[in-house]
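Residue numbers (our numbering): 1 to 170.
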């Protein structure tokens, strides 16, 4: 199972890129899980509290799972969950690939999305950067693959990364 993080600041295009990569991976027959860091503060918006599974969860169940129509829905109480914890949960679906939005400080291969050269000042310190995507050509002081916002080139890079034997971060 390969893990690829998509990181960048707010409104840098992380969700858009994840959706493009997800579609590309699925078109190549891959099983894919996605994980998103909710960076907006506070708890996630929960489904209707009138459902049995949500009533059980609100009454203190540490984990509540509902199943129907081929869909599994799970809610779990866990303070300070790590990305590794979430990847372990996603492994139940036996994915070939896990696409992660956010969790900048985690130790997996990363695509870094930049708004501007100023973003690079902070984000270049991240570990395991495989690809940098920016709206303009940048002179980077490290040997990263730097692509401008070019969907075809990004897709080609992703296919090579996804189908490759081993990619370690730089």
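Just so you know, even glycine gets a beta-carbon here, dropped at the ideal spot from N, CA and C.
Taking C-beta atoms under 8 Å as the contact rule, residue 75 and residue 57 qualify, at a distance of about 5 Å. The C-beta of residue 135 has fewer than 16 other C-beta atoms within 10 Å across all chains shown, which makes the residue exposed. DSSP places residue 155 inside the alpha helix (DSSP H), whose first and last residues are 151-163. Residue 90: member of the alpha helix (DSSP H) spanning 83-90, first to last residue. Collapsing the DSSP output to three states places residue 74 in a strand. The Cβ atoms of residue 97 and residue 30 lie closer than 8 Å to each other. Here the region 4-19 lies against the region 110-124, with 3 or more beta-carbon pairs under 8 Å apart. In the DSSP assignment, residue 79 falls outside any alpha helix (DSSP H) and carries neither an H nor an E. Assigned with DSSP and collapsed to three states, residue 138 falls in coil, not helix or strand. Where residue 110 is concerned, there is no enclosing alpha helix (DSSP H), although the beta strand (DSSP E) around it starts and stops at 109-113.
Nearest neighbour of residue 83 by Cα position, chosen from 71, 100, 95, 72, turns out to be 100. Residue burial is scored here from C-beta neighbours: residue 19 has fewer than 16 other C-beta atoms within 10 angstroms and is therefore classed as exposed. According to DSSP, residue 2 shares a beta bridge with 97. When secondary structure is reduced to three states using DSSP, residue 36 falls in the strand class.
Between residue 154 and residue 133, the C-beta gap is smaller than 8 Å, which places the two residues in contact. Short of 7 Å from the beta carbon of residue 21, and not among the five residues preceding or following it, lie these beta carbons of its own chain, in chain order: 99, 158. Residue 150 and residue 106 have their C-alpha atoms spaced approximately 26 Å apart. The beta carbons of residue 90 and residue 33 sit closer together than 8 Å.
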